[in-house]
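Novice: This is the structure, below, for whatever I ask next.
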Amino acid sequence: MATREEKFLRKLFSEFYSKCRLTVRQPEKREFGFGGWEKKIEFRHIGVKGEQELRAKLVSDAPLYVSHSVAYFEFPDARPMVRKNWLSADLVFDLDAESHSCGKFTCEKCLEKVKAEARQLIDDFLLSDFGLSKGEISVNFSGSRGYHVHVVSDAVAKLDREARREIADYVTGTGLQFDRLFWNDGKKFFGPKPTQGGFGGKFARAFTSRLEEEEFALSVSRKLRDPQEKAKLKSAIQTGNWDNIGIVSREKKLQEKFDTMKLTLAGRIDANVTADTSKLIRMPNSLHGGSGFLAASVPDLEKFDPMRDAPAFGEEKLKIKATEAIPALRIKEFDFGPLASGDVRELAMHSAVYLLCKKAAVLA
């Protein structure tokens, strides 16, 4: 049986969907999934004839979570999956704040980190390595603690699962080995140049940049205390002649640096999401039932602040009672907390809804 809080949220969400702007591309070809208080996807295989029917379903059902397929189908509501007749699919990357140490209230540091990872994915892989244009890439906040990067392009639309898995493996550096970037022809030891594309160029550029860090440079060779030796090393890397480097146990040290740096050079994505040609992903600009925030479209990732820009509701007052310890929080320029379990507060609607969705408070 639905709780007071779930009924309240569903009424609020229904009102939101009656007025909001829907931004789903070709909704009539998407499969939709709706979720509630316990599961993010309780019902799927939902099809609509267009935006008007989609809005009517959102208003009447008032789901707490709304997802749609990355795929376009001829018959989106058909079952089993094979009867849907798959036509094509967007390529989607899912990035999530990896640290769980902050519990259900994701900290600013974690949110900043995952935003930086989204920028890295776009700049270092999608634009640089894959040659996509900015117009083919869109970004959505997940509504909670991550980002979804969508690629809509003829270049990827017909890719099957295997091809998408290869893309995911490339981004994550899966299977990338030291001897794929460095080799010895029996006379000289060669490696990547900073001007190269792919992981070779990434490693060479990152390695050269980090030589400016004294601790890193000295861990490569004590000789690098001398600026002339450091300049000589950088010059050698520019030509790809890593043989011209006076480093004791050269290959062993470079292997160690490669193994460590590969982790930071690789993209941190959920590879299974990228590979899945019929995955259900959060609907852009829908509400997230775990926060009351928008899965907002992000036109400018650099300027986007989820705690300021994603809350969907206003400043009307709502009284809540904390059911657990709540840390100090800042939502839409409003500060509140910390709260102890049992504390009663009157908060702005966006903040009260956030706590209700987090199941950290009840209506007072």
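Heads up: the sequence shown is residues 54 to 417, going by my numbering.
Every residue gets a Cβ at the ideal spot worked out from N, C-alpha and C, and that includes glycine.
Bear in mind the structure is a predicted one, so any value in this text is a computation, not a measurement.
For a test of the three-state rule: what should DSSP assign to isoleucine 220, helix, strand or coil?
Specialist: Helix at isoleucine 220.
Novice: For alanine 417, which of Val351, Gln79, Val397 and Leu382 has the nearest alpha-carbon?
Specialist: Answer by Cα proximity: Val397.
Novice: Going by the beta-carbon positions, is the gap between leucine 354 and arginine 218 smaller than 7 angstroms?
Specialist: Not a contact, by the Cβ cut-off of 7 angstroms.
Novice: In whole angstroms, give me the CA-to-CA distance for phenylalanine 256 and arginine 97.
Specialist: Distance between the alpha carbons of phenylalanine 256 and arginine 97: 43 angstroms.
Novice: Taking 7 angstroms as the limit between beta carbons, can you name the residues of its chain near phenylalanine 126, skipping five residues before and five after?
Specialist: If we look at phenylalanine 126 and ignore the five residues flanking it on each side, its Cβ neighbours are Lys82, Glu84, Lys137, Asn138, Trp139 and Leu140.
Novice: On the criterion of 16 or more Cβ atoms from any shown chain inside 10 Å, does leucine 271 qualify as buried, or is it exposed?
Specialist: Label assigned to leucine 271: exposed.
Novice: Rounding to the nearest angstrom, what Cα-Cα distance links alanine 381 and cysteine 160 in this structure?
Specialist: Computed Cα separation, rounded: 10 angstroms.
Novice: Apart from the five residues just before and just after leucine 107, which ones in its own chain have a Cβ nearer than 6 angstroms to its Cβ?
Specialist: If we look at leucine 107 and ignore the five residues flanking it on each side, its Cβ neighbours are Pro80 and Val101.
Novice: Measuring CB to CB, does phenylalanine 146 end up less than 7 angstroms from alanine 363?
Specialist: In this structure, alanine 363 does not lie closer than 7 angstroms to phenylalanine 146 by Cβ.
Novice: What do you get for leucine 62, buried or exposed, if any count of 16 or more other CB atoms within 10 angstroms of its CB means buried?
Specialist: Looking at its Cβ environment, which holds 16 or more other Cβ atoms inside 10 Å, leucine 62 is buried.
Novice: How about leucine 277 and valine 204: are their beta carbons less than 7 angstroms apart?
Specialist: No.
Novice: Between the Cα of threonine 327 and those of Tyr70, Met54, Ala210 and Asn294, spot the shortest distance and give me the residue it belongs to.
Specialist: Cα-wise, what sits closest to threonine 327 is Ala210.
Novice: Please classify alanine 169: does DSSP put it in a helix, a strand, or coil?
Specialist: Three-state DSSP puts alanine 169 in a helix.
Novice: Would you say glutamate 386 faces chain C, with C-beta separation under 7 angstroms as the test?
Specialist: Looking at the structure shown, chain C is missing, and only one protein chain is on hand.
Novice: For valine 192, which three-state DSSP category applies?
Specialist: Of the three classes helix, strand and coil, the one that applies to valine 192 here is strand, per DSSP.
Novice: Less than 6 angstroms between C-beta atoms, sequence neighbours within five positions excluded: which residues of the same chain meet that for phenylalanine 158?
Specialist: These residues qualify, in order along the chain: Pro380.
Novice: Identify whether aspartate 149 lies in helix, strand or coil by the three-state DSSP scheme.
Specialist: DSSP places aspartate 149 in strand when its eight states are reduced to three.
Novice: Kindly confirm or deny that the segment 357 to 375 and the segment 383 to 395 touch, where touching means at least three C-beta pairs closer than 8 angstroms.
Specialist: They touch, by the three-pair rule.
Novice: Let's test the definition: count the other Cβ atoms within 10 Å of the Cβ of threonine 330 and tell me whether it reaches 16, buried, or not, exposed.
Specialist: Classification for threonine 330: buried.
Novice: With a CB to CB cut of under 6 angstroms and the five nearest residues on each side skipped, what residues in its chain are close to tyrosine 118?
Specialist: So the list reads Gly88, Lys93 and Gly342, once near-sequence residues are dropped.
Novice: CB glycine 226 to CB alanine 319, shorter than 7 angstroms?
Specialist: Yes, these two residues count as a Cβ contact at 7 angstroms.
Novice: Within 10 Å of its beta-carbon, does alanine 378 have 16 or more other beta-carbons around it, so buried, or fewer, so exposed?
Specialist: Alanine 378 should be labelled exposed.
Novice: Using CA coordinates, which residue listed in Leu148, Met314 and Ala115 is at the minimum distance from glutamine 230?
Specialist: The shortest C-alpha separation from glutamine 230 is found at Met314.
Novice: Does the beta-carbon of valine 77 have 16 or more other beta-carbons within 10 angstroms, so that it is buried, or is it exposed?
Specialist: Valine 77 is buried by the Cβ-count criterion.
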